[in-house]
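**Student:** Can you read through this structure? Questions will come right after.
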Amino acid sequence: MTAHTTTRRTDIGGAFPGLRRRRRSRVEQLVEAFLFLSAAVGVLTTAGIVLVLATETAGFFALVSPIDYLTGTVWSASIQPYQFGVLPLITSTLLVAVIALVLAVPVGLLAAVYLAEYASDRVRNTIKPALETIAGIPTIVLGFFAINFLTPVILQPLVPGLGGFSALAAGVVVGLLITPLVASLSDDALRAVPRALREGAYAMGATRFEVSRKVVLPAALSGVMAAVILAMSRAVGETMAVVLAAGTNPNLTLDPRESVQTMTAFIVQISLGDTPQDSIQFKALFAVGATLFAITLGLNVLSNRIVARYRNVYR
Amino acid sequence: MRRRLAGTVFYAACIAAISLTLLALLLLLLDVLSRGLGHLDPDFLSGVPSRRPARAGIMPAILGSLYLGLIVAVVTFPIGVAAGIFLEEYTKDSFLNRLLRTNISNLAGVPSIIYGIFGLALFVRALNLGETLLAGALTLSLLILPVVIIATMEALRAVPASQREAAHALGATRWQAIKGAVLPAAAPGILTGIVLSMARAIGETAPLILIGAVTFVTYAPNPVEGGYTVLPIQIFQWASRPQAEFQEIAASAILVLLALMFALNALALFLRVRLSRHLQW
Amino acid sequence: MSAQAIAERAPSADSKAAPTRRTIQISTAGVARGPLDLADPGDVAVEMQDVSCCYGTFRAVRDINLTFARREVTALIGPSGCGKSTLLRSINRMNDLIPGARTEGRVLFDGQDVTGREVDAVDVRRRIGMVFQKPNPFPKSIYENVAFGPRINGYRGNMDELVEECLHRAALWNEVKDKLKQSGLSLSGGQQQRLCIARTIATSPEVILMDEPCSALDPRATLQIEELMRELSEQYTIVIVTHNMQQAARASDRTVFMTMGDDRSGYVVEVGPTNEIFTMPKQRLTEDYVSGRFG
Ligand SMILES: Nc1ncnc2c1ncn2[C@@H]1O[C@H](COP(=O)(O)OP(=O)(O)OP(=O)(O)O)[C@@H](O)[C@H]1O
Ligand SMILES: [Mg+2]
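For the protein sequence lines, the chains are A, B and C, in the order given. Just so we're aligned, residue 348 is where the first sequence starts under the numbering used here, counting upward by one. Just so we're aligned, residue 329 is where the second sequence starts under the numbering used here, counting upward by one. Just so we're aligned, residue 9 is where the third sequence starts under the numbering used here, counting upward by one.
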């Protein structure tokens, strides 16, 4: 027992000759360098993506004028005469995305209101994960669902003249895919609305519906907007569900019953075939990729801006 | 009275919206089950693809998916966690840090097919890895990295400041505090995030199409050489064919894929509950 | 083990004399020694000279001149928000970890200024330990909690012995000796706090700062910690922040009373032996506060 009474101070690293001078150990420096480099991988990835898309697209624009590309209304990459007017791909993409949003925004928003304003914590904790399961399903599976069930069993009886591949089927299934995203992000926005605001309205005798509609939703509007824009970006970039459901027909049409080819579907089509890598079609793939990247990046940045703005409102 | 009615209608609409969405999920599962269960037997699981659907199997695809998930986890784990630590624990208010953070959140929103294009240019062509499983896995690693980084940052943020203070008060340097106190406390969250992103990687299809994962593969894949296939690609191939038999085995393959993802999700849940049992702050 | 037994194990006066130090003479020798006016400058563990602490543009405490005597318990009392924690954390440079926090003036530790940029804050913290308001053991085993500090500081002696000794000194050994492998978080609040104390003394600091160490504990656990503080003060210099007047009266040798001015920045009103502060304070403000007539 008494053995413990030694002054142990000298045991640790010898007697202390005053305070150490500030210095950073080698380990500390190496670790920080590694951490920084890892964090920089993200920036390198972004830079790499931009670089690859830019150089390859420049190669494409050496063969096809950017004006023709951006304003042309015929996309014919596999049948002579080749024509590379991107508008059909863009309208198809937007058509699918808009159909998806028309479904997902009301449904997702109502679900969010229910989760944020009505549901008890227990109900919420069961429903939210269930909704998020949908977001976790591989999109190829949703595509499979679209061609095997949604189109023949549900949509074709309802919509006369609907083919096996259609913008409508793609839109519906992408809508299903992004509903949880809209619901989850809107739910966050709704719950960020301060309690006091709600309580003020309740105190004046408002019903829960009135509070939701007149107080909470307007206050959360920008957050909901951000969610919708992000969901739109997701819909625009969606690939496999659309490839299977919408087909590969580069139509310039706004008729949802027709088969269309989105930007992503074109990229898949080219990379599936045995297109030579130095052909103009393959270069077109990069140009379409660049266009897609620009559109989704624009939407994401816009969404982030809105989120950053509304975060500040309640601080 | 009118006000009450409007409220009731609105409430009904909310319930309908949720029911509709969940109903769609249920229909999807039922449809896949009814189509796919019939083919789901040991021969299917251990067999190789065939031009005749009745004889086709998915062993190479299962192995390919498992290899892929493993490589992705091995690559993203160190880099993703390190990046998350840097962004959350170091120089938080600097311009550089803000730039890196914005970049990560924007990367998380880039469509997966764009990663495929980038992977094709970088790994397949520039680094000359060819259209191999490794190239595909590295491409998916880049895709998953932002997810892992964000999960790490969230897990680190959940560690109370008092833990860092405790370590610093004992004379820990910043890295010692992170390694000794913060990381162990954040480990359940980080591991859960990694497992979940593995599930995400295993379900990805589009980028791999660009990395050439469409070949008809009848052997166990070699990561660095030769063709490869993975479950979603196999599903895509079969689902693209008009014959009903191929749709059925596609459904069977979907069941395998969903089971794999479900297992990973269950593992993530288990890790979270198990490892954080003693972490009641 | 009884408290008495622990007291017996406490080192004798001879063995606890600190080893002589060669200090890097950053401080000028022979500075005025502040209000305590101790007989021997060697008895001063920490001396604060004109210390002010700011968070951004807000000055949380100003013009602090204090000395903390070696092997004494000094209590820091004052109304909430007057800057007690801030002052305490400026001593071992914990405030460095808060973005935007600045410390002006000098904090002399064994005669050497610890506030300088060229001084290693990590080393300062190892030698001036700290125990926090809310017990914050690591989510590791009890053993690993105590071994944490020595490990990171490269301790090469017998770790088992060290852990046992520190747990003994923190009066926790008997309660945990059979479950050293259990998580530190599985202990009760009072035990956790004693574990944190054991963890702090494992790095053999000379000064221990305690920021309301008992405010999250029940009265019984509080008394245990107070008793422990008394024993530890035979070897360590202790500075404790407390809102509990009885605690300050019971457990400390000296008391510092702080309050804050109209600009919300805190300052020291009065310093003195604890019994004087509580029985015959010189300042009206102190009297109001210790007699409970404050705010
Ligand atoms: N991290 C910080 N950033 C900005 N201001 C702070 C910070 N910490 C404390 N302050 C401010 O500094 C002043 C002193 O705070 P401090 O925590 O030191 O007071 P205290 O005396 O310990 O109070 P209490 O008795 O409640 O613990 C307060 O006005 C507080 O608001
Ligand atoms: Mg305090």
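Cβ coordinates follow ideal geometry from the N, Cα and C atoms, glycine included.
From which residue to which residue does the beta strand (DSSP E) around glycine 437 of chain B run?
**Tutor:** The residue given as residue 437 of chain B occupies position 109 in the second sequence. Careful: glycine 437 of chain B lies outside any beta strand (DSSP E) and carries neither H nor E.
**Student:** Tell me whether alanine 543 of chain A sits in a helix, a strand or coil according to DSSP, three-state version.
**Tutor:** The residue given as residue 543 of chain A occupies position 196 in the first sequence. In the structure shown, alanine 543 of chain A sits in a helix (DSSP, three-state: H, G or I).
**Student:** Proline 281 of chain C bridges to which residues according to DSSP?
**Tutor:** On the third sequence, position 273 is the one that residue 281 of chain C refers to. DSSP, once it has assigned bridges, lists C:Arg262 as partnering proline 281 of chain C.
**Student:** If you drop the 5 nearest sequence neighbours on each side, which residues of the same chain put their C-beta closer than 7 Å to that of threonine 622 of chain A?
**Tutor:** For the purposes of this step, residue 622 of chain A is taken as residue 275 along the first sequence, with counting starting at 1. Contacts found: Gln628 and Phe629.
**Student:** Sort A:Thr392, A:Ile474 and A:Ala463 by Cα distance to asparagine 434 of chain B and report the nearest one.
**Tutor:** Position 106 of the second sequence, counted from the first residue, corresponds to residue 434 of chain B. Of A:Thr392, A:Ile474 and A:Ala463, the residue nearest in Cα terms is A:Thr392.
**Student:** Quick check: does the Cβ of cysteine 90 of chain C come within less than 6 Å of any heavy atom belonging to ligand 4?
**Tutor:** Ligand 4 is not part of the structure shown, which contains ligand 1 and ligand 2 as its ligands.
**Student:** Between which two residues does the alpha helix (DSSP H) carrying alanine 527 of chain B extend?
**Tutor:** For the purposes of this step, residue 527 of chain B is taken as the residue at position 199 of the second sequence. Segment 511 to 531, the alpha helix (DSSP H) holding alanine 527 of chain B.
**Student:** Can you pull out the residues from the segment 538 to 551 of chain B whose beta carbon lies closer than 7 Å to at least one beta carbon of chain A?
**Tutor:** Residues Leu538 and Val542.
**Student:** Indicate whether at least one CB of chain B lies closer than 7 Å to the CB of phenylalanine 146 of chain C.
**Tutor:** On the third sequence, position 138 is the one that residue 146 of chain C refers to. Taking Cβ atoms only, chain B reaches closer than 7 Å to phenylalanine 146 of chain C, which makes this a yes.
**Student:** Please tell me whether methionine 253 of chain C has its Cβ less than 7 Å away from any Cβ of chain B.
**Tutor:** For the purposes of this step, residue 253 of chain C is identified with residue 245 of the third sequence, where counting begins at 1. No, no contact with chain B.
**Student:** List the residues of chain A whose Cβ lies closer than 7 Å to the Cβ of serine 422 of chain B, in chain order.
**Tutor:** One-based indexing of the second sequence puts residue 422 of chain B at position 94. Those within 7 Å of serine 422 of chain B in chain A number zero; the least Cβ separation is about 11 Å.
**Student:** Taking the beta strand (DSSP E) that phenylalanine 66 of chain C belongs to, which residues open and close that run?
**Tutor:** As a first step, residue 66 of chain C is located in the third sequence; it is residue number 58 there, counting from the start. From DSSP, the beta strand (DSSP E) with phenylalanine 66 of chain C extends over 66 to 77.
**Student:** Which residues of chain B have a Cβ atom closer than 8 Å to the Cβ of alanine 458 of chain A, listed in chain order?
**Tutor:** Indexing the first sequence from 1 puts residue 458 of chain A at position 111. Those within 8 Å of alanine 458 of chain A in chain B are Cys342, Ala345, Ile346 and Thr349.
**Student:** Should methionine 266 of chain C be labelled buried (16 or more other beta-carbon atoms within 10 Å of its own) or exposed?
**Tutor:** In the third sequence, the residue the question calls residue 266 of chain C occupies position 258. When all chains shown are included, methionine 266 of chain C counts as buried.
**Student:** From the DSSP output, read off the bridge partner residues of methionine 56 of chain C.
**Tutor:** Taking the third sequence and counting its residues from 1, one reaches residue 56 of chain C at position 48. DSSP output for methionine 56 of chain C lists C:Leu74 and C:Val115 as bridge partner(s).
**Student:** Under three-state DSSP, which class holds serine 273 of chain C?
**Tutor:** Mapped onto the third sequence, residue 273 of chain C falls at position 265. The answer is coil: DSSP assigns serine 273 of chain C none of H, G, I, E or B.
**Student:** With burial defined as no fewer than 16 other Cβ atoms inside 10 Å of the residue's Cβ, what is the status of threonine 501 of chain B: buried or exposed?
**Tutor:** What you label residue 501 of chain B is simply residue 173 of the second sequence in a count that begins at 1. Threonine 501 of chain B should be labelled buried.
**Student:** Is there a Cβ of chain A sitting closer than 7 Å to that of threonine 467 of chain B, yes or no?
**Tutor:** Taking the second sequence and counting its residues from 1, the one referred to as residue 467 of chain B is at position 139. Not one chain A Cβ lies under 7 Å of threonine 467 of chain B.
**Student:** Could you compute how far the alpha carbon of aspartate 296 of chain C sits from the alpha carbon of isoleucine 285 of chain C?
**Tutor:** Here residue 296 of chain C corresponds to residue number 288 of the third sequence, with the count starting at 1. Here residue 285 of chain C corresponds to residue number 277 of the third sequence, with the count starting at 1. Roughly 11 Å between the two C-alpha positions.
**Student:** Between the C-alpha atoms of glycine 554 of chain B and phenylalanine 544 of chain B, what's the straight-line distance to the nearest angstrom?
**Tutor:** Mapped onto the second sequence, residue 554 of chain B falls at position 226. Mapped onto the second sequence, residue 544 of chain B falls at position 216. Whole-angstrom Cα-Cα distance: 11 Å.
**Student:** According to DSSP, aspartate 186 of chain C sits in a beta bridge with which residue or residues?
**Tutor:** By 1-based counting over the third sequence, the position of residue 186 of chain C is 178. In the DSSP output, where bridge partners are listed per residue, aspartate 186 of chain C has none listed.
**Student:** Excluding the 5 residues flanking alanine 514 of chain A on each side, which residues of the same chain have their C-beta closer than 7 Å to its C-beta?
**Tutor:** Mapped onto the first sequence, residue 514 of chain A falls at position 167. If we look at alanine 514 of chain A and ignore the five residues flanking it on each side, its Cβ neighbours are Ser439, Leu442, Val443, Ile446, Ala593, Pro603, Glu605 and Val607.
**Student:** Go to valine 215 of chain C, then tell me how far its beta strand (DSSP E) extends in each direction, as first and last residue.
**Tutor:** The residue given as residue 215 of chain C occupies position 207 in the third sequence. Element bounds for valine 215 of chain C: 215 to 219.
**Student:** Going along chain B, which residues have a C-beta under 8 Å from threonine 211 of chain C?
**Tutor:** In the third sequence, counting from the first residue as 1, residue 211 of chain C sits at position 203. Under the 8 Å cutoff, chain B gives Leu498 and Gly499.
**Student:** With respect to the beta strand (DSSP E) encompassing leucine 84 of chain C, which residues constitute its N-terminal and C-terminal limits?
**Tutor:** Taking the first residue of the third sequence as 1, we reach residue 84 of chain C at position 76. 81 to 85 is the span of the beta strand (DSSP E), which, as asked, contains leucine 84 of chain C.
**Student:** Using the Cβ count rule (16 or more neighbours within 10 Å means buried), how would you classify glutamate 479 of chain A?
**Tutor:** The residue you call residue 479 of chain A lines up with position 132 of the first sequence. Under this definition glutamate 479 of chain A is an exposed residue.
**Student:** Taking only beta-carbon positions, decide if glycine 531 of chain B is within less than 7 Å of chain A.
**Tutor:** For the purposes of this step, residue 531 of chain B is taken as residue 203 along the second sequence, with counting starting at 1. Interface residue, yes.
**Student:** Would you say glycine 395 of chain A lies against chain B (beta-carbon separation less than 7 Å)?
**Tutor:** The residue given as residue 395 of chain A occupies position 48 in the first sequence. So, interface residue.
**Student:** Do glycine 464 of chain B and leucine 536 of chain B count as a contact pair if the criterion is CB distance below 7 Å?
**Tutor:** The residue labelled residue 536 of chain B in the question sits at position 208 within the second sequence. The residue labelled residue 464 of chain B in the question sits at position 136 within the second sequence. Taking 7 Å as the Cβ cut-off, leucine 536 of chain B and glycine 464 of chain B qualify as a contacting pair.
**Student:** Nearest by alpha-carbon distance to threonine 250 of chain C: which of C:Val81, C:Ala53 and C:Gln57 is it?
**Tutor:** As a working note, residue 250 of chain C is residue 242 in the third sequence. Closest option to threonine 250 of chain C, Cα to Cα, is C:Val81.
**Student:** Is any heavy atom of ligand 2 found at a distance shorter than 6 Å from the C-beta of serine 93 of chain C?
**Tutor:** Position 85 of the third sequence, counting from 1, holds the residue named residue 93 of chain C. True, at least one ligand heavy atom lies under 6 Å from that Cβ.
**Student:** Write down the C-beta distance between alanine 581 of chain B and alanine 389 of chain B rounded to the nearest angstrom, noting that I regard them as a contact closer than 8 Å.
**Tutor:** The count along the second sequence starts at 1 and reaches residue 581 of chain B at position 253. The count along the second sequence starts at 1 and reaches residue 389 of chain B at position 61. Sure, about 7 Å apart at Cβ, within 8 Å.
**Student:** Which residues of chain A have a Cβ atom closer than 9 Å to the Cβ of proline 474 of chain B, listed in chain order?
**Tutor:** As a position in the second sequence, residue 474 of chain B is number 146, starting the count at 1. Neighbours of proline 474 of chain B on chain A, chain order: Gly389 and Thr392.
**Student:** What's the gap between the Cα of leucine 524 of chain B and the Cα of leucine 96 of chain C?
**Tutor:** For the purposes of this step, residue 524 of chain B is identified with residue 196 of the second sequence, where counting begins at 1. For the purposes of this step, residue 96 of chain C is identified with residue 88 of the third sequence, where counting begins at 1. The straight-line gap from Cα to Cα measures roughly 44 Å.
**Student:** What distance in whole Å lies between the Cβ atoms of alanine 514 of chain B and valine 487 of chain B, which are believed to be in contact at a cut-off of 8 Å?
**Tutor:** Residue mapping note: residue 487 of chain B aligns to position 159 of the second sequence, counting from 1. Residue mapping note: residue 514 of chain B aligns to position 186 of the second sequence, counting from 1. About 5 Å separates the two Cβ atoms, so the contact holds.
**Student:** So, are the CB atoms of alanine 574 of chain A and serine 626 of chain A less than 7 Å apart?
**Tutor:** Your numbering for residue 574 of chain A matches position 227 in the first sequence. Your numbering for residue 626 of chain A matches position 279 in the first sequence. No; because the gap between Cβ atoms is not below 7 Å, this pair is not in contact.
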